[in-house]
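Worksheet: one structure, shown below.
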Amino acid sequence: MANGTLTIDLDALVQNWRALDAMTAGETAATVKADGYGLGIGPVARALARAGARSFFVATAEEGAELRQVLGPGPAINIYSGHMPGDADMIRDLSLVPMINSIDQLQRHLEALPQAPFGFQLDSGMNRLGMEPAEWAALREIDLGREPTLIMSHLACSDDPGAAMNAAQRRVFEEMTAGTGAPRSLAATGGILLGPDYHYDLTRPGIGLYGGLPFSEALPVAYLELPVIQVRDVEPGESVGYGMGYVARQPRRIATLAAGYADGVIRLLSGKAQVYFGQRACPLVGRVSMDMIGVDISHLSDTPASLTLLGRQQGVDVLAEQAQTIGYEILTALGRRYNRRYSGG
Ligand SMILES: *Cc1c(COP(=O)(O)O)cnc(C)c1O
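Residue numbers (my numbering): 859 to 1203.
This is the structure in C-alpha cells:
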C-alpha cells in the first residue's frame, strides 16, 4: 500500500479546546473551516461538540451545510463570509447564521429571510471582511433593533503580542460596539493568548485546536507516517530525483517514500526537511516529486517500513518554517490520498 497514514488525535484536539476554553470566561466556539483545517470536519466537529462546544464557525454556507449534516440540529453554525447570492435556501433550511459584512449583504438577507437570525462582522482595521466604521455608524441604530446574535471583528496581528495593531483594533472595536448590548467576539487563537481584554463574550479559535502556533502549548494533533516504497544504494557521483537535485559525494542508501507535493509535502521542503525513524532524523535529498520524496537513510542499520513526517519529533510549525509558510498552510495542504485514522474522541 503506497499511501501514507495520517492519524488525527481527537483526544489532543479536545484537550487543546479545553485548554483554550479554560483561559476565557465567556463561551469558546470552534472554527472548523476548510474541512477542519484539513483534518476532517466530520470527526473534528463531532469530537468538539461532544466536548461541549456549542458554536461553530465556517467560511462559507456550503461548509455550513456540510457541518449541519455532521452535527444535526442544536449547535450554532456561523458563516464568516456572510450572506452571498444563492445562500438563502441553505441558511433557512439548515439554520445557518451569516455574519453580515456589508449593506448589500444586509439587504439581501432581510429581503430573502426577514425572520432569520444573523450577526454582524465589523472591520476594525484588517480591511478584509466586515462593515467599515462609517458604514456601521450609518446603520447602527436600525440594525441593532434587529437583535444580532453576535457582533464580531478579526485581528490582523494577534500572533504577535508586541504589535501595536492589536490595541488599535481593540479600541476601534470598543468604539464601534460599546453600548450595543449584543454579544461580542474579537479573538481567534492569537486573541485568546493576548489576554482577557480581548476575549469579550465569545472566542473562536481555529489553529490552536489543531496543534499550531501561536498556541505554543498545544498538543500535536496530526501524525503522518510515510511508507518506504523502495531502497537503493547510490554511488558517489550519482544523482537523486528530478533535475539531479542531489548528487552523492559518498556511497549513500536512499529510500523513496510515498508522498509528494500533491499530498502537501510542499516542494520548497526539497533538501531542507527531515523525516524520522524513531528519534533519528533522515534528511530529504533531491527535489520533492508529485508523489514521492527521496530520503537518506545511510546511517540506519535497519531498513524501515515507514518514516515519520509529522509526529512528536516535529510538528506542523517545523515544516512550515522550512517551507517558508505557516502551520495553517501545512495542515490545509495535506492531501486526499492519505489513509486517515482517527484516534480517541
Ligand atoms: C480563520 C478565522 C478564525 C480562526 O483563526 P485562528 O487563527 O485559526 O484561531 C477566526 N476568525 C476569523 C474571522 C477567521 O477567518
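Using N, Cα and C, we set each Cβ at its ideal position, and we do this for glycine too.
Give every residue of the same chain whose Cβ lies closer than 6 Å to the Cβ of residue i, excluding the five residues on either side of it in the sequence, and list them in chain order.
i, result
"residue 978", "958, 1006 and 1009"
"residue 873", "1077"
"residue 1171", "1134"
"residue 1004", "none"
"residue 923", "948 and 952"
So, helix, strand or coil for residue i, using DSSP?
i, result
"residue 1113", "strand"
"residue 889", "strand"
"residue 969", "helix"
"residue 1065", "helix"
"residue 948", "helix"
"residue 1174", "helix"
"residue 1191", "helix"
"residue 1151", "strand"
"residue 1050", "helix"
"residue 1044", "coil"
"residue 874", "helix"
Report buried or exposed for residue i, applying the criterion of at least 16 other Cβ atoms within 10 angstroms of its Cβ.
i, result
"residue 967", "buried"
"residue 1035", "buried"
"residue 836", "Residue 836 lies beyond the stretch modelled for the chain, which goes from 859 to 1203, so this question has no answer here."
"residue 1019", "exposed"
"residue 1102", "exposed"
"residue 1028", "buried"
"residue 948", "buried"
"residue 1024", "buried"
"residue 995", "exposed"
"residue 1063", "buried"
"residue 1124", "buried"
Taking DSSP's pairing of strands, which residues face residue i in a bridge?
i, result
"residue 1108", "DSSP, once it has assigned bridges, lists no residue as partnering residue 1108."
"residue 1139", "1134"
"residue 1088", "1114"
"residue 866", "1080 and 1200"
"residue 957", "977"
For residue i, collect the residues of the same chain with a Cβ closer than 8 Å to its Cβ; drop the 5 residues on either side in sequence, then sort them by chain order.
i, result
"residue 1109", "1091, 1092, 1093, 1094 and 1156"
"residue 926", "935, 952, 953 and 954"
Whose C-beta lies closer than 7 Å to the C-beta of residue i among residues of the same chain, with five residues either side of it excluded?
i, result
"residue 1060", "884, 885, 887, 913, 1008, 1041 and 1043"
Legend entry - Those runs of the alpha helix (DSSP H) which lie wholly inside the segment 967-1036 and span at least 4 residues: 991-1002 and 1022-1035
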